[in-house]
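Inspection log for the structure reproduced underneath, given as structure tokens.
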Amino acid sequence: MLEGCFTVLVCLAAGETLRRVTGVPVSGPVIGMALMVALLTVRGGPSAAVEQTCGVLLRWLPLLFVPAGLGIVQYLGALQHQLAAIGAALVVSTALAMAVSAWTMQAVMRWRMTREGAESQSMARE
Amino acid sequence: MERVHHLWLTDAAEPASWLLVTVGAFLVAERLQRLGRGSPLLNPIPVAVLLLAGCLALTGTDYATYLSQAQFIYFLLGPATVALGLPLYRQRARIRQHGPEIAAALLAGSVTAAASAVGLAWALGATPEVLRSMAPKSVTTAVAIGISEQIGGIASLTAVFVIFTGICGAMLSERLFDWIGVRDWAARGLATGVSAHAIGTAAILKRNELAGALGGLAIGLNGLLTAVWLPAAVSLLH
Chain Y
6 MLEGCFTVLV CLAAGETLRR VTGVPVSGPV IGMALMVALL TVRGGPSAAV EQTCGVLLRW
66 LPLLFVPAGL GIVQYLGALQ HQLAAIGAAL VVSTALAMAV SAWTMQAVMR WRMTREGAES
126 QSMARE
Chain A
285 MERVHHLWLT DAAEPASWLL VTVGAFLVAE RLQRLGRGSP LLNPIPVAVL LLAGCLALTG
345 TDYATYLSQA QFIYFLLGPA TVALGLPLYR QRARIRQHGP EIAAALLAGS VTAAASAVGL
405 AWALGATPEV LRSMAPKSVT TAVAIGISEQ IGGIASLTAV FVIFTGICGA MLSERLFDWI
465 GVRDWAARGL ATGVSAHAIG TAAILKRNEL AGALGGLAIG LNGLLTAVWL PAAVSLLH
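Rendered as structure tokens:
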């Protein structure tokens with residue numbers, strides 16, 4: 006467990022350091038996540054300790070959003086006149102993103118399948 | 285006696301008390317969702333937020349005092365974001381198998397989500413802080429909060445927008461896909477993960493395992509992708 010915590014914190018610190026040194030506009034923890042994927046790829050998989058630490062963090066991930074979410078109480082008054090705009094924008098954009106993404110995925114899959122089908126047919130003819 | 289009472293009160297106000305109440309409220313909220321057969325409407329995050337808002341109002345505690353005691357939980361968001369690398373690593377075989385279509389769908393979904401939300405909210409008269417807080421709303425919460433802070437949004441607003449988006453997505457996805465005629469479960473799962481992160485994915489996972497796996501993959505990749513392009517786009521616009 007301790008070794009897992011250490012690995013996670015090293016990735017986090019390295020991510021933050023990389024962000025400061027290179028000045029890329031990506032947050033430190035996200036760079037840390039990419040570093041974690043790279044580390045796991047190099048090592049050929051997670052150790053038991055890393056798996057355990059990540060498992061605990063991910064199991065309780067929703068809990069971690071509660072303090073930030075509660076901060077909305079400070080803004081409710083100021084947001085009163087924008088609630089309808091916010092609600093409409095969130096609902097419509099979610100449906101739109103879902104549809105566009107699903108259509109794109111399905112279209113590219115079909116295109117690849119017909120292309121592969123055509124390739125194997127032409128190979129069969131040869 | 286008064287002195288003892290005073291001591292007890294200061295003791296109760298020690299840094300850990302609101303931390304304890306937060307964890308307690310979350311456990312109650314989780315149990316409520318289980319009683320409601322896992323309905324996305326009873327998502328434990330907004331339920332716990334409502335319970336805690338009630339506690340804050342009843343005790344007359346302000347948010348700054350609350351956060352000073354519960355900030356340990358907030359700190360854990362960084363390590364938890366790093367931990368998201370593990371499920372992403374586990375999906376590497378699928379990335380190789382479906383590479384081109386995943387890349388195309390991710391890019392299309394990620395840009396559509398941010399651009400349509402910001403465009404629509406702007407047209408309806410939302411303020412600049414709200415627009416900045418809304419831009420990363422389809423990204424998983426931990427990453428979205430990071431992006432929001434970077435582009436000048438408000439973390440609390442982003443957290444609420446992200447969660448609302450997830451609940452919307454969970455309730456929409458099945459009906460929407462039937463309606464627009466997308467039958468493929470891989471496409472359904474990926475689109476749900478891109479547009480409605482973990483809350484949407486949890487709902488579609490119950491219907492189809494392949495969809496759940498692609499949703500999980502989309503959450504991680506969309507976090508990475510949006511974290512790269514969105515702050516760059518915002519700095520270009522200025």
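Sequences listed follow chains Y and A, in order. Just so you know, we're using this note's numbering here: the first sequence kicks off at 6 and counts up by one. Just so you know, we're using this note's numbering here: the second sequence kicks off at 285 and counts up by one. No residue lacks a Cβ here, since even glycine has one placed at the ideal position from N, Cα and C. Since the structure is predicted, the reported quantities are computational estimates derived from the model, not experimental observations.
Could you spell out where the alpha helix (DSSP H) holding residue i opens and where it closes?
| i | result |
| --- | --- |
| R551(A) | No answer is possible for residue 551(A): it lies beyond the span of chain A, which begins at 285 and ends at 522. |
| G504(A) | E493 to L520 |
| G28(Y) | Note, G28(Y): premise wrong, no alpha helix (DSSP H); not H, not E. |
| S352(A) | Y347 to F359 |
| Q317(A) | S301 to L319 |
| L325(A) | Premise fails: L325(A) is in no alpha helix (DSSP H) and is neither H nor E. |
| G369(A) | G369 to R374 |
Going along chain Y in order, which residues have a C-beta closer than 8 angstroms to the C-beta of residue i?
| i | result |
| --- | --- |
| T531(A) | Absent from the model: residue 531(A). The displayed extent of chain A is 285 to 522, so no value can be given. |
| P412(A) | In chain order: nothing, as chain Y lies at least about 12 angstroms away. |
Strictly below 8 angstroms CB to CB, what residues from chain A border residue i?
| i | result |
| --- | --- |
| M114(Y) | H382, E385, D468, A470 and A471 |
| L88(Y) | Going along chain A, no residue has its Cβ under 8 angstroms from L88(Y), so there is no contact; the nearest lies around 10 angstroms. |
| Q85(Y) | Within 8 angstroms Cβ-Cβ: nothing; Q85(Y) doesn't reach chain A, min ~12 angstroms. |
Using a cut-off of 7 angstroms between C-beta atoms, extract the partners of residue i located in chain A.
| i | result |
| --- | --- |
| V26(Y) | Neighbours of V26(Y) on chain A: none; closest Cβ ~16 angstroms, over 7 angstroms. |
Output, in chain order, the set of chain Y residues within a Cβ distance shorter than 7 angstroms of residue i.
| i | result |
| --- | --- |
| P420(A) | Within chain Y, no residue comes near P420(A); the closest Cβ sits about 10 angstroms away, beyond 7 angstroms. |
| I527(A) | No answer is possible for residue 527(A): it lies beyond the span of chain A, which begins at 285 and ends at 522. |
| Q434(A) | P30 and S32 |
| A511(A) | V31, S32 and V35 |
Counting only Cβ pairs nearer than 9 angstroms, list the residues of chain A close to residue i.
| i | result |
| --- | --- |
| M118(Y) | Here the premise fails: no neighbours, minimum Cβ distance about 10 angstroms. |
| M41(Y) | V366, A367, L368, G369, L370, L372 and Y373 |
Residue i versus chain Y: which residues are under 9 angstroms apart at the beta carbon?
| i | result |
| --- | --- |
| P328(A) | P67, L68 and V71 |
Exercise for review: Would you list, in sequence order, the uninterrupted alpha helix (DSSP H) runs of no fewer than 4 residues that lie entirely inside the region 46–105 of chain Y?
Suggested key: 53–64, 66–69, 71–75 and 81–84
Practice item. Identify each residue in the region 451–480 of chain A for which the Cβ-Cβ distance to at least one residue of chain Y is less than 8 angstroms, and report them in chain order. Key: C452, G453, L456, S457, L460, F461, I464, V466, D468, A470, A471, R472, L474, A475, T476, V478, S479 and A480
**Study point:** Minimum length 3: unbroken beta strand (DSSP E) runs contained in the region 382–470 of chain A
**Key:** none
Exercise for review: Quick one: which residues of the region 299–325 of chain A get their C-beta closer than 8 angstroms to a C-beta of chain Y? List them in chain order.
Suggested key: T306, V307, A309 and F310
Practice item. Could you name the residues of the region 42–72 of chain Y whose beta carbon sits closer than 9 angstroms to any beta carbon of chain A, in the order they occur along the chain? Key: V42, A43, L44, L45, T46, G50, P51, V55, E56, T58, C59, G60, V61, L62, L63, W65, L66, P67, L68, L69, F70, V71 and P72
Check your understanding: Closer than 8 angstroms, Cβ to any Cβ of chain Y: which residues of the region 342–362 of chain A, in chain order?
Key -> Y347, Y350, L351, A354, Q355, I357, Y358, L360, L361 and G362
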